[in-house]
Amino acid sequence: MRLIVSFWLATTLSCLASVEPAARVTLTVEATQAGRCELRVGEDTLIAALAAALPEPVTRDHFNHADVALMRGDRRVGGYEFVVTATNLVKDGQFEAPRETSPWGGLRRTEYSFRAEPGQSGQVFWAECAKLQNIRITQPMQLEKDRLYLLSYAAYSDVQNGDVSVQLADPKKILFASLSHTHRRPVHRQRQWERQQMIFRADVEQPELRIGAAFKGRAAVADVSLRPARWRLVAELPRAGRHELTLDYVPRMGRHLTPLPTEVKPDTALTAAAVKIGKAVALASNPNGVLLRTPRGEAWTLPSDWPLRVDRLAISRPAKPATRHEVTVARGMDATVLLALDFGGEAFTLESLRCSLPLQVSALRLASVQISKPGSFDRFIYRQLDPMVPVNDPLVPFERGQPTVLALTIQCGGATPAGTHDSEIELKPLSLKLPLRVRVLPVTVDAVKHFSCVFGNQHLIYAPAKSATLTENGVSVAAFHGYDPRKRYAKAADNPLLKLARDYVQRMMDFHVEPQAAGLMAAINYKVENMTNAPPRLTDWDFTEYDRSMEMFKRRGGRFIAVMHTNGEVISRLSLSNNHTYSPKPAPAGAPRWHQLAEEDYWHFVSGYLETIAAHLAEKGWLDGASVLIDESAPETYATIRRFAKALRTQPHARRLRLIHSSNHASAPYTMRLSGGAEGPLVLEGALDVFMPENNNHFNDWPEADIWPADRGQRPTHWVYFVETDLLDLPHAGVSTELLPLKCRWLGAEGMYIWGSFIWSMPYARREGAPLGGGAWGPVMNPWINPNYHHGQGLLAFFYPPDPRGAAKEPTPKLTPSYRLALLRDGLQDNALWRIAQAGVDDASQPARIPDAVRRALQSQLDATFINPVQWRVSRPHHHAWREALYGSVQRTEP
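According to my numbering, the stretch in the sequence shown is residues 375 to 1269, in order.
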């Protein structure tokens, strides 16, 4: 037995030793001499070959030079190297005078000093700002379009918050103007010169070089250079003549260019070798697939994380079919089997599913939506499967000429013993029996316990409600379901929106994701008695319907309860159910029913209001996990947040509410110091329980894991705030979606908050190629028609309207989840199992240890997967090997 385990361990460690390629391209090389030579391979031709073989996107922006390996047999003989010329395009003395720029999200312009002085290798630019300031100096550049350039500079920071940086930008854009580039650390280390290098692509021929600063304090930039650069493919060949090589490729995701390698070489001449590109093949693309033949046509299984482009489904057909599709589950875990049925697009009826094991099996059909060309609002380029509808849904016709894909969900209860079992699922009346090999792990998994995944914005169930059609006014979720949004005011027994909200909460919990508002539509009632020159008196509190919603939520393992959603500005006023507002501030012009209170009275009133709610939650046993979500607050409101926190800390129960702050572009300087300098406590330190900086991989908006100042001791709890990320959008759905929870753990986060869950109509103005955006804007509309949104396609469509045509004519409670929720569920389960393996105990308090060597290897692979906070490798063979090693290790648990 020990010999078998030792062999398994050695095999597992070998599989995890390196990043496995996802595709391989054959190259025939004619070398004129032995030694180093440059292979003249057209990058566009290579990308086209890889794109034809892989379902993952392979584009110029996604092309992964750094991980390419040239192989001669089983020996590596080369790869891409990054080379630059010696010419510096930056001219000293030709920068425009400093100017103030349009502030981003509340940055206030004020006095600053600026000077340029000679340095050892060019000018040194110094700037000092007494208050938070956004300034820049520029130099116009003339570049070769689409060519790469290496930007290099040294930076010095002695600032309270913010930073100084150099970039290439499109002068015609106001926001998101930076050209395509590699990842840059968003904040430099304090009080030391730090070298920064970035690769830029010349998206426009006449950009400007910007030395920009948004900070309070003193900062400098020196030794700025911009040099033409390129990636070249180099091989070390033993002799002249013909060589058969292979190019191994690992896809990369994240909108930035391939990271700068550790070695940058001068662009010296090399002997050129002629190259003929052969066929590209995907490696182990569907080794677990089962191929079945029926009277109607063929059917086959495919990996649950297969990128579901409709036009690429044919390449998912397994070349070497397996005899049984292998599935791994555990108590508390679900698994998905994707089944493609190539019946010529003909409609069929599914009456029942039957599994020979005591497992619950359900089926939904995957429908498709249109995907736009990047940077466009409605120039559609392909269709992608995502909405999950009932198999026999009459509103969503079968798509002719394409395979129909069913998502089979397998749920494991306690009746199936641990071990490996052969089984089959019979689909009636299709004369189809799917052979399975089901591995039941000897553990219990509670994914929500290990990681909080919270979705926001489902509160738009009832507002706005001005129209029942797609207009600029927007259409509420209620109207899409055929309900009158005014029903929100009906009593609980007659309120269909309350039931609809609860149904959405329960469906989200099926995927281990928690809604921001688990008590949506379930009002907490009280009587308000206004007082003269004093806070109102609140009496006769009634939590009846709220408790019913919470009980349903808690029975599903829910933990996150948001008792208030506010921000640093709104937090200084409180609107009650009587539609009166109370605040220490004077009433804005034209504001009705406004009551100005004394400062201390107001904060005592607000904390008392939350104390009543917190005391009730404590009585019910629900206070742990209850939170106040403080959203996207500008730095000038941080003092108000501190005052709010101080008031809550005076209350016996409200002091236990977690204060969570989601930092976005405007509030990125969450490391501001109370002292106004670079030392001492942070402004929000002690006020917040959870820091939640944004991670939008488009715009470098994640403070690195080491951003917490070392002098402030151990970093407090962090979550990640997502608004726009390729990990969640439709074009990248697949392994990237599954990796999201593991990426957050890699960043040291204990949870994540996702800004949008489902919004199907919002009056964003239509801006095709407008200067404000990096892509086309709005409007947000019915995602069945167009899931585009300027933060990413499908990022407001984790559920779809029940009727693809628009607002339903008759009331319907039908819910249509996105398949990305199933992928995210799998990632949350992987993350939970990984945490169980690290802790050595499962969620039923049973031992679940794995070998230390495997644990170290699994962690090493995760470290190799995430290149930096905004980029990651997505080799499905490699990720499947990681998952198999984890599952296999847990299966070999010894009590």
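Built from N, CA and C at the ideal position, the CB exists for glycine as well.
Per DSSP, the beta bridge partners of V595 are F499, A529. Within its own chain, the residues whose Cβ lies closer than 7 Å to the Cβ of A1028, once the five positions on either side in sequence are excluded, are S981, L984, E985, A988, L1022, listed in chain order. Annotation: the region 853–919 contains the following complete segments of the alpha helix (DSSP H) (minimum length 4 residues), in chain order: 870–883. Spatial neighbours of W1134 in its own chain (CB-CB distance under 6 Å, excluding positions within 5 residues in sequence) are listed in chain order as F854, N1156, P1175. Residue environment for Q1245: buried (at least 16 other C-beta atoms within 10 angstroms of its C-beta).
About 11 Å separates the Cβ atoms of V1097 and N1071, ruling out a contact at the 8 Å cut-off. In the structure shown, K928 adopts helical secondary structure according to DSSP, grouped into three states. For L665, the closest alpha carbon among the candidates K694, W680, V638, T645 is that of K694. Here G999 really is in contact with F934; their C-beta atoms are around 6 Å apart, less than 8 Å. Counted as a single uninterrupted DSSP element, the alpha helix (DSSP H) harbouring R1016 occupies residues 1012–1022. Cβ-Cβ separation between G775 and G830: approximately 39 Å, too far for a contact (criterion under 8 Å). Every beta strand (DSSP E) stretch that sits fully inside the region 411–467 and reaches 3 residues is listed by chain position as 443–446, 449–458.
Where A709 is concerned, the enclosing beta strand (DSSP E) starts and stops at 708–716. In this structure, the CA atom of E1006 is about 10 Å from the CA atom of Y1095. With contacts defined by Cβ atoms closer than 8 Å, L1102 and L1114 form a contacting pair. Going by DSSP, T668 is part of the beta strand (DSSP E) stretching over 665–668. For C786, the secondary structure class from DSSP, reduced to helix, strand or coil, is coil. Here E1053 is exposed. Its C-beta has fewer than 16 other C-beta atoms within 10 Å. Taking a contact to require three or more Cβ pairs closer than 8 Å, the region 405–414 and the region 642–652 qualify as touching. In this structure, F1173 lies away from L1198, with their beta-carbon atoms at least 8 Å apart.
Counting along the chain, D760 sits inside the beta strand (DSSP E) bounded by residues 754–763. Contact between the region 1157–1173 and the region 721–739 is absent: fewer than three C-beta pairs spanning the two stretches fall below 8 Å.
As a beta-bridge residue in DSSP terms, G793 pairs with V814.
The C-beta of S1219 has fewer than 16 other C-beta atoms within 10 Å across all chains shown, which makes the residue exposed. The residues T955, A961, in chain order, have a CB closer than 6 Å to that of W968 in the same chain once the five nearest residues on each side in sequence are set aside.
DSSP places F1172 outside both helix and strand once states are collapsed to three, so it counts as coil. As the crow flies, the alpha-carbon of V578 is around 30 Å from that of L428. Between L1202 and C827, the beta carbon gap of about 6 Å places them in contact (Cβ cut-off 8 Å). With 16 or more other Cβ atoms inside 10 Å of its own Cβ, T556 counts as buried. For T1091, the secondary structure class from DSSP, reduced to helix, strand or coil, is coil. Within the model, the alpha-carbon separation for P1067 versus A875 is close to 29 Å.
Between P681 and V457, the gap from beta carbon to beta carbon reaches 8 Å or more. By the Cβ neighbour-count rule, G1125 is buried, with 16 or more other Cβ atoms within 10 Å of its own. In this structure the region 940–955 does not touch the region 914–924; the number of beta carbon pairs closer than 8 Å is below three. Nearest in C-alpha terms to L815, of all of I1210, V1228, A1238, T406, is I1210.
Pairing A1196 with F885 gives a Cβ-Cβ distance under 8 Å.
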